[in-house]
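**Student:**
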Amino acid sequence: MSREHGAYHFEEESQNFLRKPSSSNQYTRFWTYISKREIDPILIIIGLLLGILLTLCVIAIIGLFHHVFFHQSRQLEVKLEESQLNGDELMKCKRPDRDSNPDFLTTVQVYYYCATEAYN
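In my numbering, the protein residues as written are 1430 to 1549.
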């Protein structure tokens, strides 16, 4: 008497399921592979440590660039904002006479003159 089609597939699937390695079986197979290939476990540990060290170096380099390009530039912007003169200080500043300087002074030139005068 022949087997039914469905029963045959069910048997095949159950056999394949039994052949699939579980997590503990994979661990055993891994160590069996290492022992058969005569790979020194110290080399594996050294490789893992070098991988961790390389990862930390990459993270440090990324952190350094982040600090230099973002935080320090922001600190410089804050310092520039604090050092700028406000409008009242510009009004109090002695402007050079237009007669003594034939060139028309733009706002930027006056601002620069007042800023340098304030720091000198």
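Beta carbons are placed, not taken as given, at the ideal position from N, Cα and C, and that holds for glycine.
Taking a contact to mean a Cβ-Cβ separation below 9 Å, would you say I1463 touches I1473 in this structure?
**Tutor:** yes
**Student:** Alpha carbon to alpha carbon, how far is R1458 from I1488?
**Tutor:** 34 Å
**Student:** List the endpoints of the continuous alpha helix (DSSP H) containing V1487.
**Tutor:** P1470 to H1495
**Student:** Give me the Cα-Cα distance between L1483 and N1454, rounded to the nearest whole angstrom.
**Tutor:** 31 Å
**Student:** Rounded to the nearest angstrom, what separates W1558 and L1477 at their Cα positions?
**Tutor:** Coverage of the chain is limited to positions 1430 through 1549, which leaves residue 1558 absent and any answer about it impossible.
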